[in-house]
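Letter by letter, the sequence shown follows residues 56 to 431 of this note's numbering.
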Amino acid sequence: MSTNNALRVFWKSREWNMKTSTFDPDEDILLLPKRKRFRKKKSRPVRHTKRHEEEQVYEQGTTLPCSICKHEIDLTGIFLHKKQHVALATLGFQRMGRKKPQPSVIAVQRQFMISKLLSSFTFTEKTLQSINNAFELLWKKQIPAYYKIFDNIDRSVIYSQKICHLLIKGVGICEDRNSTWKADMNDKFTVVSNFGNKPNVCFFGLFDGHHGASAAELTSMELPVLLLHQLSKFDPSYQMTTDEQQIINSFYTVFREEYTAIEDLFSAINKTEAVRCEYEDTHKAFAKAFWRMDRLLGLGRKEVSRVQWSGCSAVTCILEGKPKSPYAHKNWKRKNTHDGLAESSPSQEMPKIISGILHVANTGTRRNEHVPEYYG
């Protein structure tokens, strides 16, 4: 027993020296028989690998029968399979089995369905939208879910931006996608410090895009400028830069006199004193900015698809910081007098009470139609 233990200690010390020392040909030759033994040991757990493979096959082989086509469908593809059946029925296809119609056949069938609706005088925008959605779903090449599970974590990016605001210590944005349904994220966000060249005023915008990133990308760049333009009309303290003014001027052909007349009519509506609030002008500025952004998205700029444009849901807010409260200086004086301290203490040592106003507005998209809502 002692001899075997000594040999074990000897071999362990040899292995440790091989890890820490440089390469030596003699040592490498002496360790060759030991390496052969290691290779033989690796081939032992055959039962474990077979059992592991059987478990993987069992997990991947869980299916449910489709009540329409009677085929066995994987659990991860049931929802998409059901949507494909609905799309085929919308375009007038009969049961195609496992084979999906060719793209050329789908395009011809779409034109046939639209012409059929036009001839029967039952054409509506809602029906056209459902046909386009079905066409887009069947036209796209679906990527299997197991290709999307493995994601590259190195894509994570940290956006470092200095924010000058007394009430903000930091800003964090996190996004997560369902790998089965989304190959790429279409979300954008915007943080504008010193919004309108005003200190302690920040603009935040979060835009959730769908059917592409064009709408979210354009909204993240242009909506802050549109909102600043509306705010500067009734509050001169909001100032626009030369580049921002050029962006507004480039939209002159889109917002003509007939459009501005409707906006002026909306602004002229006076509410009763019970309903009117202090920040009604800010509410109207948000509403006008959202409406103008909706009109700009209707132009279809940077859109890839010909039948289904992208859209986005937006959440925006403006945080206005106020100077210290007027009661802070008085309360500090009373406290000093009560404690018997000197009344002529320097004002720099007094605590500052910072307050602010948070304006939040969001808009939800439905069939690419923006409906703004405002929360003060």
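We put the CB at the ideal spot given by N, CA and C, even for glycine.
Everything numeric in this text was worked out from a predicted model, so none of it was measured.
Burial is judged here by how many other beta carbons sit within 10 angstroms of a residue's own beta carbon; residue 227 has fewer than 16 and is exposed. The DSSP-derived three-state label of residue 323 is helix. Note on the segment 148–195: whole alpha helix (DSSP H) runs with a minimum of 4 residues are 158–174, 180–194, in chain order. In the DSSP annotation of this structure, residue 290 is not part of any alpha helix (DSSP H), being labelled neither H nor E.
Each residue's CA atom was taken as its position, placing residue 376 and residue 409 some 7 angstroms apart. For residue 131, no beta strand (DSSP E) run applies, since DSSP gives it neither H nor E. Less than 8 angstroms separates the beta-carbon of residue 146 from that of residue 164. In the structure shown, residue 119 adopts extended strand secondary structure according to DSSP, grouped into three states. With a cutoff of 8 angstroms on beta-carbon distance, residue 352 and residue 273 are scored as near each other. The beta strand (DSSP E) runs lying completely inside the segment 240–298 and spanning 3 residues or more are 242–248, 256–265, given in chain order. Cα atoms of residue 313 and residue 189: separation of roughly 36 angstroms, rounded to the nearest angstrom.
Residue 346: member of the alpha helix (DSSP H) spanning 335–352, first to last residue. Listed as beta-bridge partners of residue 366 by DSSP are 265. A direct Cα-Cα distance of roughly 20 angstroms separates residue 311 from residue 286.
The straight-line gap separating the alpha-carbon atoms of residue 317 and residue 279 is approximately 22 angstroms.
Within the same chain, Cβ atoms closer than 7 angstroms to the Cβ of residue 242 are found at 230, 262, 263, 264, 271, the five residues on either side in sequence being excluded. The residue among 290, 341, 323, 347 with its C-alpha nearest the C-alpha of residue 307 is 347. Between residue 360 and residue 191, the C-beta gap is smaller than 8 angstroms, which places the two residues in contact. Rounded to the nearest whole angstrom, the CA to CA distance from residue 340 to residue 253 is 17 angstroms.
Per DSSP, reduced to three states, the secondary structure at residue 360 is coil, with no helix or strand assignment. Across the set 302, 275, 288, 364, the C-alpha of 275 shows the shortest separation from the C-alpha of residue 345.
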